[in-house]
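> Have a look at the structure that comes next, please.
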Amino acid sequence: MVMSAKTDTEVIIGGKVLTVSGNESAEYLQKVAAYINSKVNEYAKMDSFKRQSVEKQNMLIQLNIADDYFKAKKQIELLEQDLKAKDNELYDLKHELIATQIKLDNTAKSLKEANETLNENSKQIIRLETELKGSQNT
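Below, the structure is given as structure tokens:
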């Protein structure tokens, strides 16, 4: 397994500059910091949040981020189940299409054979009618 080089990047979280290290790109680390800042700003607008101790504020933000994580994880599970069901449905439809194509091919073959038989019978009728007229004329 190939590991990415460790990235050190400065981010601003809660108005403080921090150096963050990770195997992800600097852009990704900035995106994570922006998400955390959006949560901090979301809560900072609430008077009831501002009245809490810093420790409690941090805990509420952490709980909210964990809640977002578990909801996103559940959504992924639902989407994966939906995808699996659609894959199964597609698989069944492909097999149904193949079976229908085989029936169509067999029907086309039977129709061709019936047309050939009809043509042969038509030729035989004309031949017999010609013979009948010939025998009636003599």
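Residue numbers in the sequence shown follow the numbering used here, run continuously in steps of one, and reach 1580 at the last position.
Ideal Cβ placement from N, Cα and C applies to all residues, glycine included.
List the whole-angstrom C-beta distance separating residue 1479 from residue 1455, where the pair is believed to meet the contact cut-off of C-beta under 8 Å.
Walking along the sequence shown from the start, residue 1479 turns up at place 37. Walking along the sequence shown from the start, residue 1455 turns up at place 13. That belief holds up - the Cβ atoms of residue 1479 and residue 1455 are roughly 6 Å apart, short of 8 Å.
> Between 1569, 1516, 1473 and 1448, which has its C-alpha nearest residue 1465's C-alpha?
In the sequence shown, counting from the first residue as 1, residue 1465 sits at position 23. Closest option to residue 1465, Cα to Cα, is 1448.
> Express the C-alpha separation of residue 1453 and residue 1475 in angstroms, rounding to a whole number.
As a working mapping, residue 1475 is identified with position 33 in the sequence shown. As a working mapping, residue 1453 is identified with position 11 in the sequence shown. Distance between the alpha carbons of residue 1475 and residue 1453 is about 6 Å.
> Can you tell me whether DSSP reads residue 1487 as helix, strand or coil?
Indexing the sequence shown from 1 puts residue 1487 at position 45. Of the three classes helix, strand and coil, the one that applies to residue 1487 here is coil, per DSSP.
> What runs of the alpha helix (DSSP H), each 4 residues or longer, lie entirely inside the stretch 1483-1532?
If one requires a minimum length of 4 residues, the alpha helix (DSSP H) runs lying completely within the stretch 1483-1532 are 1489-1492, in chain order.
> In whole angstroms, what is the alpha-carbon distance linking residue 1501 and residue 1527?
Stepping through the sequence shown from its first residue, residue 1501 is reached at position 59. Stepping through the sequence shown from its first residue, residue 1527 is reached at position 85. Those two C-alpha atoms are separated by around 39 Å.
> Counting only the same chain and skipping the five closest in sequence on each side, list residues whose C-beta sits under 7 Å from that of residue 1523.
To locate residue 1523, count along the sequence shown from 1; it is residue 81. Taking C-beta separations shorter than 7 Å and ignoring five residues to either side along the sequence, residue 1523 has no partners in its chain.
> Flag this pair as yes or no: are the beta carbons of residue 1503 and residue 1481 separated by less than 8 Å?
Within the sequence shown, numbered from 1, the residue matching residue 1503 stands at position 61. Within the sequence shown, numbered from 1, the residue matching residue 1481 stands at position 39. Yes.
> Quick check on DSSP: helix, strand or coil for residue 1457?
For the purposes of this step, residue 1457 is taken as the residue at position 15 of the sequence shown. Three-state DSSP puts residue 1457 in coil, outside helix and strand.
> Identify, in the order they occur along the chain, each residue of the same chain with its Cβ nearer than 8 Å to the Cβ of residue 1485, setting aside the five sequence neighbours on each side.
On the sequence shown, residue 1485 is found 43 positions in, with the first residue counted as 1. 1491, 1499, 1502, 1503 and 1506.
> Which same chain residues end up closer than 7 Å to residue 1450 when comparing Cβ atoms and leaving out the 5 residues on each side of it in sequence?
The residue you call residue 1450 lines up with position 8 of the sequence shown. 1461 and 1463.
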